[in-house]
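Chains as they are written, first to last, in our numbering: chain B, 44 to 233; chain U, 601 to 1054.
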């Protein structure tokens, strides 16, 4: 067999092409690999840039959105008159649905002691619309902040909220800074 | 002043303002005015000192999936692609390939929810090459390179049953129809255009269109926008009659695999040894990827061949020029997909002509205090990128069209039934049709040939 086709032009061409393509593929991979940092990157929004436009709720590939309101309790003033909980025009301050700012009643209000109230967020109900965040920023301490909840976020190749964000608040952040919350330290690995 | 707390003076100033004025109406007006600006994070009310035994709950910040699991995906990819290669080339078993198909629908599809996938990773690679500040994940490099390297040596075994997009279509290919060669070639141009657009948009950092318009990821996540859900269902329904429509006529990564697979070292062959022209496998391929034997019907004179060569050496550069010119003409439309370009044009519109969505963009930009000139400069550079990108994209499309025409116009001499190395997806359906067994001797082969001739 081998004596019959000692030198086949087509085989030679294929072999050289194969070597060329193989080498360039490995070259591209090596070039890119030099640029990767150890560890992964995740999508996150910077609450200091966020304008609470509501697109986090509508533009996520998931329904409901992977963006949730996260409560940094250390910053909360535990106010009775919570700008994130109650509608601004409310006449009676009670827990009735019509006086709540949250469209899904995801914020639970609990009496702690006079005159303080604790507000907790039911993540299952939260749709990430940011209405409470806006209210808290305007009248309170800004302890309610929007963040991509990484247990839910599928970390898409290209975040579709990031593209729609008018404030350019979204970016890929290293895993060690997975949450960009103000008044909160990311848990250290180890 | 306590030097250990540099933030303190700031904080006190912020707190003291509302304290002095109390909760008067005037304050509310100022607060509302501040609302328009970004007044993020003002500690207006100090954290209370609780007298009861109340414990402040911990802020919930769950960490994402561990990186080890991401590397596990790469291991699973390597294992399943090796398995398919082994099933196709060594075991010659369609059942084995089908088993991996089902596994990959479950693992890469429903468990990993279609992300990360090799098809989309192509955009990460392009973005990584063009944008030095982007840190491409190692998994994306691995998902891009592994299927291509396998294709370089063993053909498109990744397509056969590892790619979740291909796998879900493969199980729907129930009544495949044969397509005319011309139709197949013309539709086959679409992936090249799609690839060109995907590269252009990834290189300019505009968007990942392959991921955005992935028709099946919505199924895997059981969570799709209505429009994409309809597209996905359509693809699957069409896929009943035209097998794997996305793979053959859209997949941009398939273009790369196709080109690389053409020079593959060991590709699947229908027969284990020799082809006896029995024609049993002729209609076995649902993808029309089996090359039939072609004889010289009328051997062409040298004159005709030379004329044709001259024609195509003129036609192909002409197509490329025309395509490039066309591409550069529509670069404005191409660039409008870029959010920054859109924002710049929205800023030029009078306020009453803006939709409510555009209004949000414009007011956010204005309140952020960024300079319009700087944005315009950036947009001008993006438009320039799209102008040259349009030339390259158009030229590329012209080249592909020219080469496709040349391929269709030039008759070729072929012997026996062999898979077309570029288009064959290595699914292994044809293998069962071949009556030749690897351990047959010449006498048995001759007998087979005779019965085939009858």
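Positions of the beta carbon are idealized from the N, C-alpha and C atoms, including for glycine.
Checklist entry - Would the segment 839-854 of chain U and the segment 716-726 of chain U be scored as touching if the rule is three or more Cβ pairs under 8 Å? => result With the cut-off at 8 Å, the segment 839-854 of chain U and the segment 716-726 of chain U touch.
Checklist entry - Taking buried to mean at least 16 other C-beta atoms within 10 Å of its own C-beta, is residue 781/U buried or exposed? => result The sequence position of residue 781/U within the second chain is 181, counting from 1. By the beta-carbon neighbour count (other beta carbons within 10 angstroms, threshold 16), residue 781/U is exposed.
Item to check | Residue nearest to residue 100/B in terms of C-alpha spacing, selected from 174/B, 118/B, 57/B and 154/B | outcome: The sequence position of residue 100/B within the first chain is 57, counting from 1. For the residues 174/B, 118/B, 57/B and 154/B, the minimum Cα distance to residue 100/B belongs to 174/B.
Checklist entry - In three-state terms, what does DSSP make of residue 861/U? => result Locating residue 861/U in the second chain gives position 261, counting from the first residue. Note: residue 861/U maps to helix in three-state DSSP.
Next on the checklist: Quick check: the segment 833-850 of chain U against the segment 1007-1015 of chain U, are at least 3 beta-carbon pairs closer than 8 Å?
Outcome noted: Short answer: they don't touch.
Checklist entry - Exposed or buried, which one is residue 1023/U when buried takes at least 16 other CB atoms within 10 Å? => result One-based indexing of the second chain puts residue 1023/U at position 423. Taking a 10 Å sphere around the C-beta of residue 1023/U, we find 16 or more other C-beta atoms and assign the residue as buried.
Next on the checklist: Between which two residues does the beta strand (DSSP E) holding residue 151/B run?
Outcome noted: Indexing the first chain from 1 puts residue 151/B at position 108. Segment 150-156, the beta strand (DSSP E) holding residue 151/B.
Checklist entry - Hey, does residue 1041/U have any beta-carbon neighbour from chain B nearer than 8 Å? => result Walking along the second chain from the start, residue 1041/U turns up at place 441. Judged by the 8 Å Cβ criterion, residue 1041/U is not in contact with chain B.
Checklist entry - Along the segment 776-810 of chain U, what residues have a CB closer than 7 Å to any CB found in chain B? => result For the segment 776-810 of chain U, the set of positions with a beta-carbon nearer than 7 Å to some beta-carbon of chain B reads 807 and 808 in chain order.
Checklist entry - Could you give the distance in angstroms between the alpha-carbon of residue 903/U and the alpha-carbon of residue 76/B? => result Locating residue 903/U in the second chain gives position 303, where the first residue counts as 1. Locating residue 76/B in the first chain gives position 33, where the first residue counts as 1. If I take the Cα positions, the gap works out to 52 Å.
Checklist entry - Around the C-beta of residue 953/U, are 16 or more other C-beta atoms found within 10 angstroms, so that it is buried, or is it exposed? => result Position 353 of the second chain, counting from 1, holds the residue named residue 953/U. Exposed is the call here.
Checklist entry - Name the DSSP beta bridge partners of residue 213/B, please? => result Translated into positions along the first chain, residue 213/B becomes position 170. Residue pairing from DSSP places residue 213/B in a beta bridge opposite 88/B.
Checklist entry - Which of the three DSSP states, helix, strand or coil, is assigned to residue 191/B? => result Within the first chain, residue 191/B is the residue found at index 148, counting from 1. Residue 191/B: strand per DSSP, three-state reduction.
Next on the checklist: So for residue 184/B, helix, strand or coil by DSSP?
Outcome noted: Stepping through the first chain from its first residue, residue 184/B is reached at position 141. The answer is coil: DSSP assigns residue 184/B none of H, G, I, E or B.
Checklist entry - Taking buried to mean at least 16 other C-beta atoms within 10 Å of its own C-beta, is residue 745/U buried or exposed? => result As a working note, residue 745/U is residue 145 in the second chain. It is buried - the Cβ of residue 745/U has at least 16 other Cβ atoms within 10 Å.
Item to check | Start-end ranges of the alpha helix (DSSP H) lying completely within the segment 747-787 of chain U, minimum 4 residues | outcome: Runs found: 757-761, 764-770 and 781-787.
Item to check | CA-to-CA distance, residue 981/U to residue 109/B, given in whole angstroms | outcome: As a position in the first chain, residue 109/B is number 66, starting the count at 1. As a position in the second chain, residue 981/U is number 381, starting the count at 1. The straight-line gap from Cα to Cα measures roughly 34 Å.
Item to check | Near-chain U residues of the segment 170-198 of chain B - C-beta to any C-beta below 8 Å | outcome: Per Cβ criterion, the list reads 177, 180, 181, 182, 183, 184, 185, 190, 192, 193, 194, 196, 197 and 198.
Item to check | Limits of the unbroken beta strand (DSSP E) element including residue 101/B | outcome: Looking up residue 101/B in the first chain gives position 58. Note, residue 101/B: premise wrong, no beta strand (DSSP E); alpha helix (DSSP H) at 98-102.
Checklist entry - Straight-line CA distance for residue 185/B to residue 793/U? => result One-based indexing of the first chain puts residue 185/B at position 142. One-based indexing of the second chain puts residue 793/U at position 193. Linking residue 185/B to residue 793/U through their CA atoms gives a straight-line distance of about 48 Å.
Checklist entry - What's the gap between the Cα of residue 703/U and the Cα of residue 870/U? => result Here residue 703/U corresponds to residue number 103 of the second chain, with the count starting at 1. Here residue 870/U corresponds to residue number 270 of the second chain, with the count starting at 1. Cα-Cα distance, rounded: 25 Å.
Next on the checklist: I need the DSSP call for residue 712/U, collapsed to helix, strand or coil.
Outcome noted: For the purposes of this step, residue 712/U is identified with residue 112 of the second chain, where counting begins at 1. Coil, per DSSP.
Next on the checklist: Closest to residue 182/B by C-alpha separation, out of 155/B, 197/B and 131/B, would be which residue?
Outcome noted: Taking the first residue of the first chain as 1, we reach residue 182/B at position 139. Ranking 155/B, 197/B and 131/B by Cα distance to residue 182/B puts 131/B first.
Checklist entry - What residue range is occupied by the uninterrupted alpha helix (DSSP H) comprising residue 725/U? => result On the second chain, residue 725/U is found 125 positions in, with the first residue counted as 1. Looking at the DSSP string, the run of the alpha helix (DSSP H) that includes residue 725/U is 718-730.
Checklist entry - What in chain U is Cβ-close to residue 123/B, meaning under 8 Å? => result On the first chain, position 80 is the one that residue 123/B refers to. Simply none; closest approach about 11 Å.
Next on the checklist: Taking a contact to mean a Cβ-Cβ separation below 8 Å, would you say residue 994/U touches residue 923/U in this structure?
Outcome noted: Start at 1 with the first residue of the second chain, and residue 994/U comes out as number 394. Start at 1 with the first residue of the second chain, and residue 923/U comes out as number 323. The answer is yes: Cβ separation under 8 Å.
Next on the checklist: I want to know whether the segment 131-142 of chain B touches the segment 205-213 of chain B - three or more CB-CB distances under 8 Å.
Outcome noted: No contact exists between the segment 131-142 of chain B and the segment 205-213 of chain B.
Item to check | Nearest candidate by alpha-carbon position, reference residue 785/U, set 1039/U, 1051/U and 1000/U | outcome: As a working mapping, residue 785/U is identified with position 185 in the second chain. Among 1039/U, 1051/U and 1000/U, the Cα nearest to that of residue 785/U is on 1000/U.
Checklist entry - Leaving out five residues before and five after residue 153/B in sequence, what residues of the same chain have Cβ atoms less than 6 Å from its Cβ? => result Mapped onto the first chain, residue 153/B falls at position 110. Within the same chain, and ignoring the five residues on either side of residue 153/B in sequence, the residues whose Cβ sits closer than 6 Å to its Cβ are 161.
Checklist entry - Just the Cα atoms here: how many angstroms apart are residue 900/U and residue 908/U? => result Against the second chain, residue 900/U aligns to sequence position 300. Against the second chain, residue 908/U aligns to sequence position 308. Rounded to the nearest whole angstrom, the C-alpha separation of residue 900/U and residue 908/U is 11 Å.
Checklist entry - Around the Cβ of residue 802/U, are there at least 16 other Cβ atoms within 10 angstroms (buried) or fewer (exposed)? => result Your numbering for residue 802/U matches position 202 in the second chain. Taking a 10 Å sphere around the C-beta of residue 802/U, we find 16 or more other C-beta atoms and assign the residue as buried.
Checklist entry - Would the segment 56-72 of chain B and the segment 144-151 of chain B be scored as touching if the rule is three or more Cβ pairs under 8 Å? => result The segment 56-72 of chain B makes no contact with the segment 144-151 of chain B, as fewer than three CB pairs between them are under 8 Å.
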